[in-house]
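Throughout, the working numbering is defined as the position within the sequence shown, counted from one, plus 560.
This report refers to the structure that appears directly beneath it.
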Amino acid sequence: MEFHDILHGLMRFSDENLTSLLADLIDSPEIHRLRNMRQMNFDVPLIQELGRSRRLPHSIGVTFLAVELAHKSNLNLNDTKALLAAALLHDAAIPPYGHLVESELKYITPDFNHEENLAKIIRGTLGNENTFQHIVKNKELKLTPILQKHGVDIEAVINIVCPKKGTTSPVSADIDIDNIDNVHRMAAMLGWDGAKENIKAIRNSMRLKGLSGIIFTKEAIEPLNRWLEFRERIYTMIIAHPECIPYNALQTDLVRLAVEHDIITPTDWYMTEPEFEDKLRHEPSTETLGWQLISGCEYQLVDYVWIKNFSTTKKLKNKDISDHMSNNIPEFTKNSGYFIWNEKGLVSRRIKATLDDNKTVHIGKNSTSCMIALVKKSSEKIRLTKAQSTKWRQEAIKNFIQLFETDIFNFDFPETYTGSFYSKTDELQLEYK
Numbered sequence: 561m562e563f564h565d566i567l568h569g570l571m572r573f574s575d576e577n578l579t580s581l582l583a584d585l586i587d588s589p590e591i592h593r594l595r596n597m598r599q600m601n602f603d604v605p606l607i608q609e610l611g612r613s614r615r616l617p618h619s620i621g622v623t624f625l626a627v628e629l630a631h632k633s634n635l636n637l638n639d640t641k642a643l644l645a646a647a648l649l650h651d652a653a654i655p656p657y658g659h660l661v662e663s664e665l666k667y668i669t670p671d672f673n674h675e676e677n678l679a680k681i682i683r684g685t686l687g688n689e690n691t692f693q694h695i696v697k698n699k700e701l702k703l704t705p706i707l708q709k710h711g712v713d714i715e716a717v718i719n720i721v722c723p724k725k726g727t728t729s730p731v732s733a734d735i736d737i738d739n740i741d742n743v744h745r746m747a748a749m750l751g752w753d754g755a756k757e758n759i760k761a762i763r764n765s766m767r768l769k770g771l772s773g774i775i776f777t778k779e780a781i782e783p784l785n786r787w788l789e790f791r792e793r794i795y796t797m798i799i800a801h802p803e804c805i806p807y808n809a810l811q812t813d814l815v816r817l818a819v820e821h822d823i824i825t826p827t828d829w830y831m832t833e834p835e836f837e838d839k840l841r842h843e844p845s846t847e848t849l850g851w852q853l854i855s856g857c858e859y860q861l862v863d864y865v866w867i868k869n870f871s872t873t874k875k876l877k878n879k880d881i882s883d884h885m886s887n888n889i890p891e892f893t894k895n896s897g898y899f900i901w902n903e904k905g906l907v908s909r910r911i912k913a914t915l916d917d918n919k920t921v922h923i924g925k926n927s928t929s930c931m932i933a934l935v936k937k938s939s940e941k942i943r944l945t946k947a948q949s950t951k952w953r954q955e956a957i958k959n960f961i962q963l964f965e966t967d968i969f970n971f972d973f974p975e976t977y978t979g980s981f982y983s984k985t986d987e988l989q990l991e992y993k
C-alpha cells in the first residue's frame, strides 16, 4: 500500500503481514469518518492550509511512523499489529471540533472523554453493547470484527492509545509519534522551512522501548528542541494572533450554544464536522452564527490581555472565567463578550527524553497562560480610546488576580504580539498592576 503525504512524501507499507490489516482498517466506517474531521478546529485566512488538513492523513502518518519504528526495533508481529491499529485509531473517537466540543460536553457530563468512547468502539460495546450502532449513517461498526479477524489483541490496542495512569506508550507520552507527526505536519502546511528535514532527523534517531515508549540517540536532542520550537510558534499564533481570536470566539460561542440546546450531546458526539455544521446552520439557536462559518466571521477583536508564566493551584474552566469577567467588568462596548483560553503545557511543554545509554534529558519548559480577549460580536466597527483600553486592561488583570490568587506573571497585548510565547513585557507590569 502506498500513500502520498505532504509531510513524509511517499509512504509505502510493504509488509504482507500488515497490509491486509491496514487495508481493512482504513476501509472501516470508523476510519472513513476521519476524512471529514479537521485536524485544527477553525478555518482562518491567516493560516488557511491548517483548516484544510483532515485527521485521516495525520492518522496514516502516525501509522507510518509506528510501523517504521516496529521494524527498526524488531518488535514481534503481535505487538506490531497492536501498535499499527492503535496508531491508526487514536483519533477515531474525536468529536467534531475536537477538544473544544469535548471540554464543553465535560462541563455537563464530567466523565465524558474520547478515550473511553474509543475503548467502547474498539471493544464493540458503544451504545449499550450494541455492536450495530452507526456512527456513520447506514454503516455498521467494523473495528471489532476486523481486529478479531487479524488476531489483534483488542486490550493491547486500548492500552497503547490510552495507557493506564503512570504508564506511557509510543502513541501517548510526553513525547510520542502522535505529537511528533502533528506538530511537523502543521509546520509543513504553514510552509515553514525545515519541518520535513527535522522530522526525518528525529525518525533516524529513535527506536521503541517495547510498547512502553520511545528511546532516542543523543543526535535527537537538537531536532527535538526544534520540534518544541515549532509547537510553541504554532500554538502562540493560534491563541494570540489578533486575526485568530475572532474565529476562536465565534466557534466557542457556537459550541456552547450547540451543547446548551442539545444540538450535540454526550450520546451523539460521533457526527462528522460537515453534519455538525449543517445542524448549526439549521437550528434557530445557532443559525445566524452557523452561517458565518461560510459567509465570513463578523466577530472583531476589541482588545486582549494574554497573561503568561504564572503559578496557581486554581483549576478553572474557560466558561467560568468568561462568566466572571462578564459579570465583574463594566461594559466597554455593546454586543460584546469574552473569549478565554486558559492553558497549561499546551503552548510549550517540558519533556523527558530517554536516551539509548539509559540517561535522560529534559527539554523545553511548561507554559501557563490565560488569554482574556474582549470581542465585539457584530460587524459594527469599534475601537477603544487609549484611556478606555488602559482601564479595561486594568480591570481584566485585577479580576484575573482575584480568580487565580496570584500576582506574579508576564503579559502581552495585541500591539506587543511577536509570534513568540517568550516575548519580554515585564516592564509593562508596573503600569497595569
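Where a beta carbon is used, it is the ideal one built from N, C-alpha and C, also for glycine.
CA-to-CA distance, residue j to residue i, given in whole angstroms
| i | j | result |
| --- | --- | --- |
| Asp671 | Asp828 | 15 Å |
| Ser574 | Ser580 | 10 Å |
| Leu582 | Asn878 | 39 Å |
| Thr685 | Lys702 | 12 Å |
| Lys937 | Glu858 | 7 Å |
| Pro730 | Thr640 | 12 Å |
| Thr978 | Trp901 | 18 Å |
| Lys875 | Ser882 | 14 Å |
| Ser613 | Arg793 | 18 Å |
| Asn913 | Ile620 | Asn is not the amino acid found at residue 913; the sequence shown has Ala there. Ala913 and Ile620: Cα-Cα distance of roughly 24 Å. |
| Ile586 | Asn887 | 49 Å |
| Ser949 | Val862 | 9 Å |
| Lys697 | Thr872 | 46 Å |
| Phe692 | Glu700 | The pLDDT assigned to Phe692 is 48, lower than 50, so where the model puts this residue is not dependable, and the model offers no usable value. |
| Ser732 | Asp917 | 22 Å |
| Leu629 | Glu675 | 24 Å |
| Glu562 | Lys951 | 59 Å |
| Pro844 | Lys756 | 45 Å |
| Gly773 | Pro723 | 11 Å |
| Arg572 | Val661 | 35 Å |
| Glu782 | Ile591 | 34 Å |
| Asp753 | Ser939 | 36 Å |
| Ile957 | Glu975 | 17 Å |
Check whether residue i and residue j have beta carbons under 8 Å apart
| i | j | result |
| --- | --- | --- |
| Tyr657 | Val815 | yes |
| Phe870 | Ile968 | yes |
| Lys904 | Phe981 | no |
| Pro610 | Met749 | Reading off the sequence shown, one finds Leu at residue 610, where the question assumed Pro. For Leu610 and Met749, yes; Cβs fall inside 8 Å. |
| Ile759 | Leu567 | yes |
| Leu934 | His884 | no |
| Leu522 | Thr848 | In the structure as shown, the chain begins at 561 and stops at 993. Residue 522 is therefore absent and cannot be evaluated. |
| Ile889 | Asn959 | yes |
| Phe973 | Val907 | no |
| Met797 | Ile932 | no |
| Thr777 | Leu915 | yes |
| Ile695 | Pro589 | yes |
| Phe790 | Ala761 | no |
| Arg745 | His618 | yes |
| Leu788 | Ile706 | no |
| Thr832 | Arg598 | no |
CB contact below 8 Å: residue i versus chain C
| i | result |
| --- | --- |
| Thr945 | The question asks about chain C, but that chain is absent: this structure has only one protein chain. |
Top-ranked residue by Cα proximity to residue i, from the options
| i | options | result |
| --- | --- | --- |
| Ile854 | Phe602, Thr945, Ile762 and Glu700 | Phe602 |
| His801 | Ala913, Gly754, Ser663 and Gln860 | Gln860 |
| Glu715 | His674, Arg683, Arg763 and Ala748 | Arg683 |
| Thr669 | Val819, Pro834 and Asp584 | Val819 |
| Asn596 | Ala652, Leu784, Cys804 and Glu789 | Ala652 |
| Pro605 | Asp880, Thr893, Glu803 and Pro844 | Glu803 |
| Pro834 | Pro655, Arg572 and Glu676 | Pro655 |
| Glu712 | His659, Glu965, Leu578 and Trp851 | Residue identity check: residue 712 is Val in the sequence provided, not Glu. The option with the nearest alpha carbon to Val712 is Leu578. |
| Arg763 | Gln708, Ala780, Arg572 and Lys919 | Ala780 |
| Val921 | Ile775, Leu678, Gly751 and Lys724 | Ile775 |
| Phe892 | Asp880, Ala947 and Ser939 | Ala947 |
| Tyr795 | Asp813, Thr928, Ser663 and Asp584 | Thr928 |
| Met600 | Lys680, Ala642 and His659 | His659 |
Counterpart residues of residue i in DSSP-defined beta bridges
| i | result |
| --- | --- |
| Phe563 | Met571 |
| Phe899 | Ala933 |
| Asp972 | Trp866 |
| Thr914 | Ile775 and Thr920 |
| Gln962 | BP columns for Gln962 are empty, so no partner. |
| Leu861 | Val935 |
| Leu707 | BP columns for Leu707 are empty, so no partner. |
| Lys904 | Thr928 |
| Leu768 | Ile774 |
| Arg598 | Arg614 |
### Query
Per the contact definition of three or more C-beta pairs closer than 8 Å, is the region 891-902 in contact with the region 799-814?
yes
### Query
Taking contact to mean at least 3 C-beta pairs separated by less than 8 Å, is the region 762-770 in contact with the region 627-647?
Verdict: yes, contact present.
### Query
Is it a yes or a no for the region 738-749 touching the region 613-632, going by three-plus beta-carbon pairs under 8 Å?
yes
### Query
Taking three-plus beta-carbon pairs below 8 Å as touching, is the region 713-721 in contact with the region 643-650?
yes
### the region 837-846 touching the region 816-824, judged by at least three CB pairs closer than 8 Å
yes
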